[in-house]
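When you number the sequence shown by the numbering used here, it's gap-free, plus one each residue, and the end is 340.
One structure below.
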Amino acid sequence: MEKEKKILYSGMQATGTLHLGNYLGALKNWVALSEEYDCIYGIMDLHSLTVRQDPTAFRQNARRFYTLYVAAGLDPEKNIVYYQSHVSAHAELAWILNCFTYMGELGRMTQYKDKSQKHADNVNAGLFTYPVLMAADILLYQADAVPVGADQKQHVEICRDIAQRFNGIYGDVFTIPEPFIAKAGAKVMSLAEPEKKMSKSDENPNATIFALDDKDTILRKFKRAVTDSETDVRFDPENKPGVSNLMTIYSCVTGKDMESISSEFSGKGYGDFKIAVGEAVADHLAPIQKRYDELTKEKAYIESCIKTNDEKAAYLANKTLRKVQKKVGLTERIR
Ligand code: ATP
Ligand code: LTN
Numbered sequence: 006m007e008k009e010k011k012i013l014y015s016g017m018q019a020t021g022t023l024h025l026g027n028y029l030g031a032l033k034n035w036v037a038l039s040e041e042y043d044c045i046y047g048i049m050d051l052h053s054l055t056v057r058q059d060p061t062a063f064r065q066n067a068r069r070f071y072t073l074y075v076a077a078g079l080d081p082e083k084n085i086v087y088y089q090s091h092v093s094a095h096a097e098l099a100w101i102l103n104c105f106t107y108m109g110e111l112g113r114m115t116q117y118k119d120k121s122q123k124h125a126d127n128v129n130a131g132l133f134t135y136p137v138l139m140a141a142d143i144l145l146y147q148a149d150a151v152p153v154g155a156d157q158k159q160h161v162e163i164c165r166d167i168a169q170r171f172n173g174i175y176g177d178v179f180t181i182p183e184p185f186i187a188k189a190g191a192k193v194m195s196l197a198e199p200e201k202k203m204s205k206s207d208e209n210p211n212a213t214i215f216a217l218d219d220k221d222t223i224l225r226k227f228k229r230a231v232t233d234s235e236t237d238v239r240f241d242p243e244n245k246p247g248v249s250n251l252m253t254i255y256s257c258v259t260g261k262d263m264e265s266i267s268s269e270f271s272g273k274g275y276g277d278f279k280i281a282v283g284e285a286v287a288d289h290l291a292p293i294q295k296r297y298d299e300l301t302k303e304k305a306y307i308e309s310c311i312k313t314n315d316e317k318a319a320y321l322a323n324k325t326l327r328k329v330q331k332k333v334g335l336t337e338r339i340r
């Protein structure tokens, strides 16, 4: 009998626009793993509500994410690609798991600490319990692997802790997931401040390459990328964060290793190197952008994918939710 594939689960918040960090740290790897695993990818729109959203822009962004997932190569007929908010089991399991999670462990989350500083006027309870909802996302689908960028590793770890705690009390209810962090591209840095990660919410427009930026914009942003006062293209993240970041990006899109990149640009200076990185990124993104444009015209197709996949996701999620409800002693429905 054919061995069943392992389950992979991941997702992104539907906030802002997908950028090169999201693509290299997450989406590109999802595509690479999509044959080997049974994959479920969410548009994490409930998580996005932890930061105030403009309703119209939010809805448009969420659709753009869905279309970009598909344009980048996630096949919505083979994988499940769906909206988190369309499957109510997420919120229901998150509530139950909240009751198995301690204030102390949530208070230690670095994303919570960062975001509550950044949004000091809106330190809401959702920001604090964000990792519990994320744990519910993963555990509902009994996921084995969770491919994310390095910044999300801590959240997958707390998910494992919650699952182990729950299993310790009620038996083997949840599969314990493994985080899957890409070797290269797990932390793409800002082009303007290479000590900081590239982020959707960066206010400096030159800091971030967006997946839908046109070629001229991409080249311009790379030309302005902050480097250092030396001239050699050498991988040394501590002393040369800007150049090392550009090398990482170039390596991810061309498949070349750091040594061959150094020798390719030896004696050439940063100008040529930046142009080459910009060209390589623009060429890499071009087919995705082309497919994206086509898909935006195929509204009926995208909508039928959303509908079918929401249903498939809900079926799997509800199976786990019912089991959990029963285990904790909630009264069963009368049929
Ligand atoms: P923000 O910075 O506004 O909080 P974000 O850009 O981090 O948002 P998320 O939706 O939180 O976006 O992340 C989506 C996925 O992209 C996650 O798997 C995350 O680890 C990954 N990711 C985000 N930023 C980077 C980055 N700079 N480098 C590599 N991976 C990243
Ligand atoms: N917090 C994640 C998005 C996310 C996620 C998940 C990722 C929400 N739920 C479940 C993997 C699995 C982020 O990328 N910021």
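Just so it is clear, CB atoms sit at the ideal spot from N, CA and C, and this is done for glycine as well.
Given residue i as reference, the closest of the options once Cα atoms are compared
i, options, result
"V75", "E337, N314 and Y320", "N314"
"N323", "Q147, R64 and G154", "Q147"
"E110", "Q65, I163 and E337", "I163"
"A305", "G26, T72 and A37", "T72"
"E97", "D126, K83, V56 and L144", "L144"
"D221", "V238, E284 and P182", "E284"
"A168", "M139, Y255 and K192", "M139"
"Q254", "F227, Q116, C44 and A99", "At residue 254 the sequence reads Ile, which differs from the Gln that was named. Taking only the C-alpha atoms, the option nearest I254 is F227."
"N127", "K295, K201, Y297 and V56", "V56"
"G274", "T301, S265, V238 and N250", "V238"
"Q18", "M203, N66, M108 and N209", "N66"
"A37", "G47, V231 and N84", "N84"
"T22", "E303, R69 and S15", "R69"
"P242", "R225, M263 and I223", "M263"
"S265", "R170, F240 and G276", "F240"
"H124", "W100, Q58 and F185", "Q58"
"H289", "G260, D298 and R340", "G260"
"P184", "P60, W35, E40 and G334", "W35"
Per DSSP, the bridge partner or partners of residue i
i, result
"L13", "C44 and A150"
"V86", "Y46"
"E183", "A150"
"M194", "K202"
"Q18", "M49"
"H24", "F215"
For residue j and residue i, believed in contact at Cβ under 8 Å, the rounded distance
i, j, result
"E198", "A212", "7 Å"
"K245", "D149", "Not really, about 37 Å apart at Cβ, beyond 8 Å."
"A94", "A281", "In fact, because the Cβ distance is near 47 Å, the residues do not count as touching under 8 Å."
"A291", "P152", "Not quite, the Cβ-Cβ distance comes to about 24 Å (not below 8 Å), so this is no contact."
"V286", "I214", "6 Å"
"N43", "L13", "Contrary to the premise, residue 43 reads as Asp rather than Asn in this sequence. Confirmed, about 7 Å."
"M194", "N250", "4 Å"
"A77", "I293", "5 Å"
"K205", "H24", "6 Å"
"G26", "D142", "Contact flag wrong, Cβ pair sits at about 20 Å."
Listed in chain order, which residues are found with a beta carbon closer than 6 Å to a heavy atom of the ligand LTN? Y14, S15, G16, M17, Q18, M49, H52, M139, D142, I143, V151, V153, Q157 and H160
Would you call the stretch 121 to 136 and the stretch 303 to 323 touching, i.e. three or more CB-CB distances under 8 Å? no
Check whether the stretch 43 to 62 touches the stretch 257 to 277, taking contact to mean three or more Cβ pairs, one atom from each stretch, closer than 8 Å. no
At a cut of 8 Å, does the stretch 96 to 112 reach the stretch 120 to 132 through at least three beta carbon pairs? no
Hey, is the stretch 329 to 338 in contact with the stretch 173 to 191, meaning 3+ C-beta pairs nearer than 8 Å? yes
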